[in-house]
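Numbering (our numbering), first residue to last: 1490 to 1990. Virtual Cβ for every residue (Gly too), placed ideally from N, Cα, C. Fair warning: this is a prediction, and the values are worked out from it, not measured in the lab. Below: one structure, written as structure tokens.
Written out as structure tokens, the structure is:
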């Protein structure tokens, strides 16, 4: 199919889905056929946590761009004063911090107005696909979920090429400062850099140190440690408190995320090098046996929770731990938002129970690792009417200085740049309270050494957001027989869908 026709079809089906004229399963199937990896779509994503400090507190701490950055913005932005830029983005910590507290400084320095639309992810895709199909340039910058990189790699500028324009290049922007695992896993498609890493939600271990100390339990350094401690806590404190929690809503992408962590952690993989489903092999069955035992130490409502319910269960003291998104940690430390301020400890994900498979032992670029990640990139659209002004904004929004401000303002997600983790402003905030950064050394270590990435194939949209979590949900509801029977049936479904291309 000619690329322009494919993009027009993709724009049409996405628009119909967002308008409620197409059901989720039909949309995911159509997106797969049209080559879009839409793994996180169509499952009621909702807003991700953003537990930032107040504008007044930010002003009190003088959290604003450096004088050097402001001077550069003022000089380079003069020719573009009066320009309006538009960006449609998911509700991410960086986008929220920029939209609510930081973009005013950019606008004041440059005279460039920035309109940021914070939308559910499926609506972001709707805006992007319509813009690409029409080539109208309604949006100047694109927020690109990692699963979209292949589909839109030719519709954005490679930032390495943009940096060659010395007149617009930010001093010390240093594109090599972006963490290499994120560049390779999120922003690259073949030989093109599809924007720069912008956001990196990732699984880390978060547990109640006071409870662990009270019961004299070893920190959950291994999967077995986590299981044994969770059982001990549930026995000692249930039903008022359970050992751990989960995001196990049937049919929801969050359930698939949890599954990958346990699967990878038992030496398994979703696919083998031949492109066939391997989640039902010996390692996959070991993962399910472990998960069954672990689930018995979770609160009864876990079957109905996505990440929000999981986070609330820990924040309200109902569960004592979770292996989940690190950006919840500042919420736990905020005394005005949770009941566990100062009681939580962060660790890298538990050590796998078996040796991780290598990329060569998996299929479709799958990278096993207990630290499941779901990142995104920011890029300038090739259809923008003001690409130079957009590039100036993109450099500022993803610069080390701005990332440090986003981090200290309480975004909670890990920075995508190496240097930001060592920024004095970030290190100074490593204390208990709203907007804490005391968990970030763990996030950094997890990205470098424990990160897991899902496979990249067209059918992944339907597999990750429908077929796999529906099958897992039926298993945990007792509707599909044993783990082996359930996963064998799932293998047949997955292999049939992938074979259809």
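Closest residue to residue 1868 among 1570, 1600, 1786, 1635 (Cα-Cα distance): Translated into positions along the chain shown, residue 1868 becomes position 379. Nearest option by C-alpha distance: 1635.
Identity of the residue in 1743, 1626, 1617 nearest residue 1862 by Cα: What you label residue 1862 is simply residue 373 of the chain shown in a count that begins at 1. That would be 1743, whose Cα lies nearest to the Cα of residue 1862.
Residue 1754 versus residue 1858 - alpha carbon distance: Taking the chain shown and counting its residues from 1, the one referred to as residue 1754 is at position 265. Taking the chain shown and counting its residues from 1, the one referred to as residue 1858 is at position 369. Rounded to whole angstroms, residue 1754 to residue 1858 spans 7 Å at the Cα level.
Nearest residue (CA-CA) to residue 1611, options 1954, 1770, 1983: What you label residue 1611 is simply residue 122 of the chain shown in a count that begins at 1. Closest by alpha carbon: 1954.
Contact under 9 Å by Cβ, residue 1565 with residue 1715: The residue you call residue 1565 lines up with position 76 of the chain shown. The residue you call residue 1715 lines up with position 226 of the chain shown. Contact flag unset, no.
Beta-ladder partner(s) of residue 1906, from DSSP: Numbered from its first residue, the chain shown carries residue 1906 at position 417. Partner(s): 1667.
Extent of the continuous beta strand (DSSP E) to which residue 1936 belongs: Against the chain shown, residue 1936 aligns to sequence position 447. Run containing residue 1936: none in the beta strand (DSSP E); it sits in the alpha helix (DSSP H), 1929 to 1938.
Range of the contiguous alpha helix (DSSP H) that encloses residue 1894: Translated into the one-based positions of the chain shown, residue 1894 becomes position 405. Per DSSP, residue 1894 belongs to the alpha helix (DSSP H) from 1889 to 1897.
C-beta atoms of residue 1633 and residue 1888 nearer than 9 Å: Here residue 1633 is taken as the residue at index 144 of the chain shown, counted from 1. Here residue 1888 is taken as the residue at index 399 of the chain shown, counted from 1. No, they are not a contact pair.
Outcome for residue 1724 when other beta-carbon atoms lying within 10 angstroms are tallied against a minimum of 16: Taking the chain shown and counting its residues from 1, the one referred to as residue 1724 is at position 235. Residue 1724 is exposed by the Cβ-count criterion.
Beta-carbon proximity of residue 1792 to residue 1737, cut-off 9 Å: The count along the chain shown starts at 1 and reaches residue 1792 at position 303. The count along the chain shown starts at 1 and reaches residue 1737 at position 248. Yes; because the gap between Cβ atoms is below 9 Å, this pair is in contact.
The region 1573 to 1580 contacting the region 1622 to 1633, beta-carbon criterion three pairs below 8 Å: yes
Where the beta strand (DSSP E) containing residue 1855 begins and where it ends: Residue mapping note: residue 1855 aligns to position 366 of the chain shown, counting from 1. It is not in any beta strand (DSSP E) - residue 1855 carries neither H nor E in the DSSP assignment.
Span of the alpha helix (DSSP H) around residue 1882: Against the chain shown, residue 1882 aligns to sequence position 393. Start and end: 1876 to 1886.
Continuous alpha helix (DSSP H) assignments of at least 4 residues falling wholly in the region 1677 to 1720: 1698 to 1703
Which residues DSSP lists as bridging residue 1813, in chain order: For the purposes of this step, residue 1813 is identified with residue 324 of the chain shown, where counting begins at 1. In DSSP, residue 1813 forms a bridge with 1693.
Whole-angstrom distance between residue 1654 and residue 1885, CA atom to CA atom: On the chain shown, residue 1885 is found 396 positions in, with the first residue counted as 1. On the chain shown, residue 1654 is found 165 positions in, with the first residue counted as 1. Those two C-alpha atoms are separated by around 16 Å.
Identity of the residue in 1933, 1970, 1876 nearest residue 1573 by Cα: Locating residue 1573 in the chain shown gives position 84, counting from the first residue. Checking every option, the nearest Cα to that of residue 1573 belongs to 1876.
For residue 1948 and residue 1986, the rounded distance between their alpha carbons: One-based indexing of the chain shown puts residue 1986 at position 497. One-based indexing of the chain shown puts residue 1948 at position 459. Cα-Cα distance, rounded: 7 Å.
Backbone secondary structure at residue 1795 - three-state DSSP: Here residue 1795 refers to the residue found at position 306 of the chain shown. Three-state DSSP puts residue 1795 in coil, outside helix and strand.
Meets three-Cβ-pair contact criterion under 8 Å: the region 1750 to 1769 and the region 1839 to 1853: yes
Stretch pair the region 1968 to 1978 + the region 1772 to 1789: three plus CB contacts closer than 8 Å: yes
CA-to-CA distance, residue 1831 to residue 1605, given in whole angstroms: Counted from its first residue, the chain shown places residue 1605 at position 116. Counted from its first residue, the chain shown places residue 1831 at position 342. So the two alpha carbons sit approximately 34 Å from each other.
Close Cβ partners of residue 1648 (< 7 Å) along its chain, the five nearest in sequence each way excluded: What you label residue 1648 is simply residue 159 of the chain shown in a count that begins at 1. For residue 1648, where only same-chain residues beyond five positions count, the Cβ hits under 7 Å are 1664, 1682, 1684, 1685.
Between the CA atoms of residue 1680 and residue 1926 - distance to the nearest angstrom: Counted from its first residue, the chain shown places residue 1926 at position 437. Counted from its first residue, the chain shown places residue 1680 at position 191. Cα-Cα distance, rounded: 34 Å.
Reference residue 1950; option with closest CA among 1740, 1707, 1934: Counted from its first residue, the chain shown places residue 1950 at position 461. Per the Cα distances, 1740.
Continuous beta strand (DSSP E) stretch holding residue 1604: start and end: Taking the chain shown and counting its residues from 1, the one referred to as residue 1604 is at position 115. Residue 1604 -> beta strand (DSSP E) spans 1602 to 1608.
Where residue 1623 falls, given that 16 or more other Cβ within 10 Å makes a residue buried: Taking the chain shown and counting its residues from 1, one reaches residue 1623 at position 134. Flag for residue 1623 reads exposed.
Assigned secondary structure, residue 1980 (DSSP; H/G/I helix, E/B strand, else coil): Position 491 of the chain shown, counted from the first residue, corresponds to residue 1980. Correct three-state label for residue 1980: helix.
C-beta neighbour in chain C for residue 1680, strict 9 Å: The chain labelled as chain C is not found in the depicted structure, where only one protein chain is given.
The alpha helix (DSSP H) enclosing residue 1961, as first and last residue numbers: The residue given as residue 1961 occupies position 472 in the chain shown. First-last of the alpha helix (DSSP H) with residue 1961: 1957 to 1965.
Helix, strand or coil at residue 1653 [DSSP, three-state]: Reading the chain shown from its first residue, position 164 is the one you call residue 1653. Three-state result, residue 1653: coil.
Candidates 1930, 1922, 1936, of which the one nearest residue 1825 by Cα: Numbered from its first residue, the chain shown carries residue 1825 at position 336. Measuring from the Cα of residue 1825, the nearest candidate turns out to be 1922.
Segment limits, alpha helix (DSSP H) that includes residue 1675: Counting from one through the chain shown, the residue named residue 1675 turns up at place 186. No alpha helix (DSSP H) contains residue 1675, which DSSP labels as neither H nor E.
Integer-rounded CB distance, given that residue 1945 should sit under 8 Å from residue 1639: Taking the chain shown and counting its residues from 1, one reaches residue 1639 at position 150. Taking the chain shown and counting its residues from 1, one reaches residue 1945 at position 456. Right, their Cβ atoms sit about 7 Å apart.
Beta-carbon proximity check, residue 1617 vs residue 1641, cutoff 9 Å: Counting from 1 along the chain shown, the entry for residue 1617 is found at position 128. Counting from 1 along the chain shown, the entry for residue 1641 is found at position 152. Result yes, Cβ atoms of residue 1617 and residue 1641 sit closer than 9 Å.
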